[in-house]
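1364 is the number of the first residue of the sequence shown in our numbering; add one for each residue after it. In this text, a Cβ means the ideal position worked out from N, Cα and C, and glycines have one as well.
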Amino acid sequence: MAKHPSAWFLIGLAMTWASTAAAEPVDLELVLAADGSGSIDDGEMRLQREGYAAALTDPELVSAMTAGAHGRVALMYFEWGGANSQVVIADWAVIDGPDSAARFADTLRTTPRGAFGWNSISNAIDFGRRAMAGNSYDGIRKVIDVSADSGNYGGLPLPLAREAALAEDITINGLAVLCRTCDGRPARADLEGYFASQVIGGFGAFVVTVDQTTSFAEAVRRKLLLEIAGLPQSVAAAR
């Protein structure tokens, strides 16, 4: 027997409510989309992973991650390369104190790299957007944090990927990597401007730069303070 239209409406409403009720509330859903492309050798990859691991276990960062209304954030870390290469290194996890932060950091330090190819920032953003849509968390804020040492090559048109994320109230922040070790590799002086005009977007979006004056670990720590604690850049830079 066919159901009355109002019955279908009530069923749909119940399913929507159940889906929302099942989602775990967190203060922030943060996707860390790290450059794992062919321009990064194994030594630089270790430096990058360690920078994130050290930052995420820093007592000030742990305090920031547990200081919100829900006392926890949800993180995912993946590395990306070409258009068809996005590899989850540390899947979604709730950080609600030093122990969970340490477990996440340990995963970053021990999981083998897997991304290959060249710098599809657009597909990295799209992968992060879809990862948020499919997780089991309900964040007050949603942020995709993209690091890259070059512009976009291949994949979706960057404006389309960017606009799709912004349409879902996701903020895109950037880490423009001009150098990791600053050992003579030529810097891309225009990369910060490229990020500002082509990549980032959403409420409070910003770019942090790694260059000859700022180490990778320092830049990551400052960026995460901005994203997690919402500190003004002038305050975070002084810490």
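Between the CA atoms of residue j and residue i - distance to the nearest angstrom
{"i": "Phe1441", "j": "Leu1587", "result": "16 Å"}
{"i": "Ser1499", "j": "Leu1419", "result": "22 Å"}
{"i": "Phe1479", "j": "Asn1515", "result": "15 Å"}
{"i": "Leu1523", "j": "Leu1529", "result": "10 Å"}
{"i": "Leu1519", "j": "Glu1526", "result": "12 Å"}
{"i": "Ser1400", "j": "Asn1482", "result": "6 Å"}
{"i": "Ala1494", "j": "Gly1567", "result": "21 Å"}
{"i": "Ile1563", "j": "Thr1534", "result": "8 Å"}
{"i": "Ile1458", "j": "Lys1505", "result": "15 Å"}
{"i": "Glu1423", "j": "Asp1404", "result": "30 Å"}
{"i": "Met1439", "j": "Arg1472", "result": "14 Å"}
Neighbour-count burial assignment, residue i, 16 or more Cβ in a 10 Å radius
{"i": "Glu1590", "result": "buried"}
{"i": "Asn1447", "result": "exposed"}
{"i": "Ser1426", "result": "exposed"}
{"i": "Ile1635", "result": "It is not possible to answer for residue 1635, since the shown part of the chain is limited to 1364 through 1602."}
{"i": "Glu1392", "result": "buried"}
{"i": "Ser1382", "result": "With a pLDDT of only 47 at Ser1382, under 50, the local geometry of the prediction cannot be trusted, and no value is derived from it."}
{"i": "Gly1414", "result": "buried"}
Nearest candidate by alpha-carbon position, reference residue i, set the options
{"i": "Ala1396", "options": "Ala1416, Ala1496, Gly1537", "result": "Gly1537"}
{"i": "Phe1490", "options": "Val1509, Gln1561, Asp1501, Gly1477", "result": "Val1509"}
{"i": "Trp1443", "options": "Val1436, Ala1465, Ala1453, Gly1497", "result": "Ala1453"}
{"i": "Ser1560", "options": "Ala1385, Leu1521, Gly1414, Ser1463", "result": "Leu1521"}
{"i": "Glu1387", "options": "Val1436, Thr1429, Gly1565", "result": "Val1436"}
Beta-bridge partners of residue i, as assigned by DSSP
{"i": "Lys1586", "result": "According to DSSP, Lys1586 bridges with nothing at all."}
{"i": "Ala1539", "result": "Ala1511, Thr1572"}
{"i": "Val1450", "result": "Glu1442"}
{"i": "Thr1615", "result": "Here the chain comprises residues numbered 1364 to 1602, so residue 1615 is not present and cannot be evaluated."}
{"i": "Leu1391", "result": "Arg1504"}
{"i": "Thr1534", "result": "Val1506"}
{"i": "Gly1564", "result": "Ile1535"}
Three-state class that DSSP yields for residue i in the structure shown
{"i": "Leu1410", "result": "helix"}
{"i": "Phe1441", "result": "strand"}
{"i": "Arg1525", "result": "helix"}
{"i": "Ile1503", "result": "strand"}
{"i": "Asp1398", "result": "strand"}
{"i": "Ile1458", "result": "strand"}
{"i": "Pro1422", "result": "helix"}
{"i": "Gly1556", "result": "helix"}
C-beta neighbour in chain D for residue i, strict 7 Å
{"i": "Val1583", "result": "No chain D appears in the structure shown, which is made up of a single protein chain."}
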